[in-house]
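> Residues 1 to 155 (the UniProt record's numbering) are what the sequence shown spells out, left to right.
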Amino acid sequence: MFRGKFKHSLDEKGRLSLPSKFREVLRVKYGTEALIITNMPECLVVYPVSEWKKMEENLLKLPFGMKEAREFLRYFLGSAEECEPDKQGRILLPQSLREEIRVEKEVMLLGMLSYFEIWNPKALDERFKKIKESFDDILAVLNPYLNGEKRADPS
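#1: Please work out which residues of its chain come closer than 6 angstroms, Cβ to Cβ, to G111, disregarding the five sequence neighbours upstream and downstream, and give them in chain order.
#2: To the nearest angstrom, how far is the alpha carbon of Y47 from that of P41?
#3: Measure the beta-carbon distance from L44 to I36 and round it to whole angstroms, keeping in mind my assumption that it falls under 8 angstroms.
#4: Please check the pair P85 and L10, which I expect to be a contact at CB under 8 angstroms, by giving their CB distance rounded to whole angstroms.
#5: Buried or exposed for N120, please, with buried defined as at least 16 other CB atoms from any protein chain shown within 10 angstroms of its CB.
#6: Write down the C-beta distance between I118 and V107 rounded to the nearest angstrom, noting that I regard them as a contact closer than 8 angstroms.
#7: For the alpha helix (DSSP H) that contains L146, what are its first and last residues?
#8: Measure from the alpha carbon of K87 to the alpha carbon of each residue in K7, R23 and G14, then state which is nearest.
#9: Tell me which same chain residues have a C-beta within less than 6 angstroms of the C-beta of L93, skipping the five on either side of it?
#10: Where does I131 sit, in a helix, a strand or coil, going by DSSP?
#11: If we ignore side chains and look at the alpha-carbon of each, how far apart do I131 and E33 end up?
#12: Taking the straight line between their C-alpha atoms, what separation do you get for F64 and E56?
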């Protein structure tokens, strides 16, 4: 599972060296699978292909007649690109996606268990400040799930 927060620099070609802990997860759990990278409003998300396929199965269940579903799919899938880590454990971040999250050199990687996020460091700092301010409220909502009293819908 992807865990932790790591600061890394992009090279002159826009390549990102993945943290050694993430490379180990990829090697052990996913073998030589490619990665799928796409954008969210504040960050990029990176999924191993097998995790992406699970996501696609859920996306296929969205009601096509619902405007919000179509808008989400346009934004989320429209920028999705497959990339393969090179032998040094680097991935190329497409220019359009780098521009989307306004990164030039420094990025923060954030492990999210089955995928990881790539952030502009300043944007992540701002997000963490907001989370910290409302952490007790967030925890109150999630507590029934964390204590096993409720289950999230797996589909």
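We put the CB at the ideal spot given by N, CA and C, even for glycine.
In this structure, then:
#1: Walking along the sequence shown from the start, residue 111 turns up at place 111. Only F2, R3 and G4 meet the Cβ criterion.
#2: Sequence index remark: in the sequence shown, residue 47 carries index 47 (1-based). Sequence index remark: in the sequence shown, residue 41 carries index 41 (1-based). Their backbone Cα atoms lie some 16 angstroms apart in a straight line.
#3: Mapped onto the sequence shown, residue 44 falls at position 44. Mapped onto the sequence shown, residue 36 falls at position 36. At roughly 11 angstroms, the Cβ-Cβ gap does not stay under 8 angstroms, so L44 and I36 are not in contact.
#4: By 1-based counting over the sequence shown, the position of residue 85 is 85. By 1-based counting over the sequence shown, the position of residue 10 is 10. Rounded to the nearest angstrom, the Cβ distance from P85 to L10 is 14 angstroms, too far for a contact under 8 angstroms.
#5: Translated into the one-based positions of the sequence shown, residue 120 becomes position 120. Around the beta-carbon of N120, 16 or more other beta-carbon atoms lie within 10 Å, marking it buried.
#6: Along the sequence shown, read from residue 1 onward, the residue named residue 118 stands at position 118. Along the sequence shown, read from residue 1 onward, the residue named residue 107 stands at position 107. With 8 angstroms as the limit, I118 and V107 qualify as a contact, their Cβ atoms being about 5 angstroms apart.
#7: The residue labelled residue 146 in the question sits at position 146 within the sequence shown. F135 to L146 is the span of the alpha helix (DSSP H), which, as asked, contains L146.
#8: If you number the sequence shown from 1, residue 87 lands on position 87. Per the Cα distances, R23.
#9: Counting from 1 along the sequence shown, the entry for residue 93 is found at position 93. The residues are G14 and L16.
#10: Residue numbering aside, residue 131 sits at position 131 when the sequence shown is read from its first letter. I131 falls in the helix class under three-state DSSP.
#11: Stepping through the sequence shown from its first residue, residue 131 is reached at position 131. Stepping through the sequence shown from its first residue, residue 33 is reached at position 33. The alpha-carbon separation between I131 and E33 amounts to approximately 33 angstroms.
#12: Start at 1 with the first residue of the sequence shown, and residue 64 comes out as number 64. Start at 1 with the first residue of the sequence shown, and residue 56 comes out as number 56. Roughly 14 angstroms between the two C-alpha positions.
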